[in-house]
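Colleague: With the UniProt record's numbering applied, the sequence shown covers 1 to 379. Glycine residues also receive a C-beta, built at the ideal position from the N, C-alpha and C atoms. Since this is a predicted model, take the numbers as computed values, not measurements.
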Amino acid sequence: MSDDTFAAYPTKDLPLWTRIRHYLREPFAEFLGTMILILFGDGVVAQVVLSENTKGEYQSISWCWGIGVMFGVYCSGGISGGHLNPAVTLANCIYRGFPWWKLPIYTAAQMLGAFCGSLIVYGNYLNAINMFEGYGIRSVTGPTATAGIFCTYPAEFMTRTGMVFSEIIASSILMIGIYAINDENNIPAGDLAPIALFFLIFGIGAAFGWETGYAINPARDFGPRLASFAVGYSSEVFSAGGYYFWIPIVAPCIGCAFGGFLYDFLVYTGAESPINMKYMGFARVRHVIHPHDEKGDEEEGVEYRHNPDTLAGRVHGHRHHEILDLNDVVPVDHHRQTQSMPAVPQMPKPSPLQQGDAPPKMHTSPSAQHVERVNDQEK
Numbered sequence: 001m002s003d004d005t006f007a008a009y010p011t012k013d014l015p016l017w018t019r020i021r022h023y024l025r026e027p028f029a030e031f032l033g034t035m036i037l038i039l040f041g042d043g044v045v046a047q048v049v050l051s052e053n054t055k056g057e058y059q060s061i062s063w064c065w066g067i068g069v070m071f072g073v074y075c076s077g078g079i080s081g082g083h084l085n086p087a088v089t090l091a092n093c094i095y096r097g098f099p100w101w102k103l104p105i106y107t108a109a110q111m112l113g114a115f116c117g118s119l120i121v122y123g124n125y126l127n128a129i130n131m132f133e134g135y136g137i138r139s140v141t142g143p144t145a146t147a148g149i150f151c152t153y154p155a156e157f158m159t160r161t162g163m164v165f166s167e168i169i170a171s172s173i174l175m176i177g178i179y180a181i182n183d184e185n186n187i188p189a190g191d192l193a194p195i196a197l198f199f200l201i202f203g204i205g206a207a208f209g210w211e212t213g214y215a216i217n218p219a220r221d222f223g224p225r226l227a228s229f230a231v232g233y234s235s236e237v238f239s240a241g242g243y244y245f246w247i248p249i250v251a252p253c254i255g256c257a258f259g260g261f262l263y264d265f266l267v268y269t270g271a272e273s274p275i276n277m278k279y280m281g282f283a284r285v286r287h288v289i290h291p292h293d294e295k296g297d298e299e300e301g302v303e304y305r306h307n308p309d310t311l312a313g314r315v316h317g318h319r320h321h322e323i324l325d326l327n328d329v330v331p332v333d334h335h336r337q338t339q340s341m342p343a344v345p346q347m348p349k350p351s352p353l354q355q356g357d358a359p360p361k362m363h364t365s366p367s368a369q370h371v372e373r374v375n376d377q378e379k
């Protein structure tokens, strides 16, 4: 049901579940999209591992993770934006004005979607796992380990620094690709964005997937890790690889934040990015210190870019119509009052039309009035 329908009918006349869904569509969409992502991703890993590469191989994994992202975005993109990744949501909060209060809600929905998706995969391949490992045996490491079906574990030769670096690189590429695909001033993919994301994920997996399993997504890794622990895998799911579990949570957030910064710093010209605001968005700190300053961050960015005295103004002045719609920009109030500078009272200027449509009456000086009286007496 569209938002227009909600606007046309009173909410109280709608069914209870329709009303609930109206307010929770975005987290529901993130939950569903992330669950679909995990169904394809963990599903293909299970098939490759349990069949001992007879029903697929490494590139099958790269293909299916890309397909999972594509269909996950198709299910959620028009409703929630199709983040499917807490690190992507974090980057959007930093660089695209996404509300910070939605970050924990999206993250919870994504984690829960990944958790449920991995449980479905486990239930589907339960008999195959029992055949592969032995009934009731659930191992994290070793030749018959199956914990890697659900979450990522690093290669044995990897150092701690190498693990972090690998995830940061892959996550940075992910965020640069996402922003490039959606940049209206570049070559936007438009309705083909999910397909472009498919090739992006496939490329990352094919180029950077061997060393750490390219989690590039805290929800994709931690949700299934919790699920594997819940179904009987030991606490080694957290301690394996030198307690590797925290790296797929932290490193993708760092990588996506860095990738978003790199793209905005070098390429992006949109008004919502703090990179394009005055002092690169650090004016927000001033706004926290002086909350009564009515000038917002977006106005800071617009004023800075369209001021001919600044470098950004000279660069953007000849194509500002391609950067933003000036009809949507609130004019900057240059006479605003702040806490640090008290307002100086100003006398109102009389309007020349206060007496109606007639022009204002001209006043003569005292000397001119004296000359007029002398002339009258001579007459």
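Check whether chain C comes within 7 Å of Asn-185, counting only Cβ atoms and requiring the distance to be less than that.
Modeller: Protein chain content of the structure displayed is limited to a single chain, and chain C is not contained in it.
Colleague: Among Thr-269, Phe-208, Tyr-233 and Arg-220, which has the Cα closest to the Cα of Tyr-58?
Modeller: Measuring from the Cα of Tyr-58, the nearest candidate turns out to be Phe-208.
Colleague: In the stretch 158-193, which residue ranges form an unbroken alpha helix (DSSP H) of at least 4 residues, counting only runs that do not cross its ends?
Modeller: As far as the stretch 158-193 is concerned, its whole alpha helix (DSSP H) runs of at least 4 residues are 160-181.
Colleague: For Ser-51, which three-state DSSP category applies?
Modeller: Note: Ser-51 maps to coil in three-state DSSP.
Colleague: For Ser-235, count neighbouring C-beta atoms within 10 Å of its own C-beta (all shown protein chains included) and say buried if the count is 16 or more, exposed if not.
Modeller: When all chains shown are included, Ser-235 counts as exposed.
Colleague: In whole angstroms, what is the alpha-carbon distance linking Ser-60 and Ala-46?
Modeller: Cα-Cα distance, rounded: 11 Å.
Colleague: Please classify Ala-46: does DSSP put it in a helix, a strand, or coil?
Modeller: Residue state, collapsed to three classes: helix.
Colleague: So what does DSSP say about Ala-128, is it helix, strand or coil?
Modeller: Three-state result, Ala-128: helix.
Colleague: Output yes or no for whether 7 Å exceeds the beta carbon distance between Thr-269 and Asn-217.
Modeller: The answer is no: Cβ separation not under 7 Å.
Colleague: What do you reckon, are the CB atoms on Ala-147 and Tyr-233 nearer than 7 Å?
Modeller: The answer is yes: Cβ separation under 7 Å.
Colleague: Does DSSP put Asp-13 in a helix, in a strand, or in coil?
Modeller: Reduced to three states, the DSSP call for Asp-13 is helix.
Colleague: Output the residue ranges of the alpha helix (DSSP H) runs that lie fully inside the stretch 69-117 and measure 4 residues or longer, sorted by chain position.
Modeller: Runs of the alpha helix (DSSP H) inside the stretch 69-117: 86-95.
Colleague: Along the chain, where does the alpha helix (DSSP H) that runs through Gly-223 open and close?
Modeller: Residues 218-230.
Colleague: Buried or exposed: which applies to Leu-84, given that a residue is buried once 16 or more other Cβ atoms fall within 10 Å of its Cβ?
Modeller: Leu-84 comes out buried.
Colleague: Does DSSP put Trp-63 in a helix, a strand or coil?
Modeller: Residue state, collapsed to three classes: helix.
Colleague: Going by the beta-carbon positions, is the gap between Leu-90 and Phe-31 smaller than 7 Å?
Modeller: For Leu-90 and Phe-31, no; Cβs fall outside 7 Å.
Colleague: Look at the Cβ atom of residue 467, then the Cβ atom of Gly-260, and state whether they are nearer than 7 Å.
Modeller: Limits of the chain in this structure are 1 at one end and 379 at the other, which puts residue 467 out of reach.
Colleague: When DSSP labels each residue in this structure, what does Gly-270 get in the three-state scheme?
Modeller: Coil, per DSSP.
Colleague: Whose C-alpha, out of Ala-206, Tyr-74 and Ile-36, is nearest the C-alpha of Ile-195?
Modeller: Of Ala-206, Tyr-74 and Ile-36, the residue nearest in Cα terms is Tyr-74.
Colleague: Near Pro-104, what residues of its chain come up, given a Cβ to Cβ distance below 6 Å and the 5 sequence neighbours on each side ignored?
Modeller: Closer than 6 Å at Cβ, skipping near neighbours: no residue.
Colleague: What are the start and end residues of the alpha helix (DSSP H) that includes Tyr-243?
Modeller: Taken as a continuous stretch (DSSP letters only), the alpha helix (DSSP H) holding Tyr-243 covers 236-243.
Colleague: Apart from the five residues on each side of it in sequence, which residues of its chain come closer than 6 Å, Cβ to Cβ, to Phe-258?
Modeller: Same-chain partners within the cutoff: Ser-172.
Colleague: Taking only the alpha-carbon atoms, compute the straight-line gap between Thr-161 and Ser-239 and give it to the nearest angstrom.
Modeller: Between Thr-161 and Ser-239, the C-alpha separation is close to 17 Å.
Colleague: Which whole-angstrom value is the C-beta distance of Gly-72 and Gly-33, which I expect to be below 8 Å?
Modeller: That pair is a contact at about 4 Å.
Colleague: Within its chain, find whatever has a CB closer than 7 Å to the CB of Asn-130; leave out the 5 residues flanking it on each side and keep chain order.
Modeller: Nothing listed; no residue qualifies.
Colleague: Out of Phe-199, Met-175, Tyr-179 and Ala-109, which one is the CA nearest neighbour of Ala-219?
Modeller: The shortest Cα separation from Ala-219 among Phe-199, Met-175, Tyr-179 and Ala-109 belongs to Ala-109.
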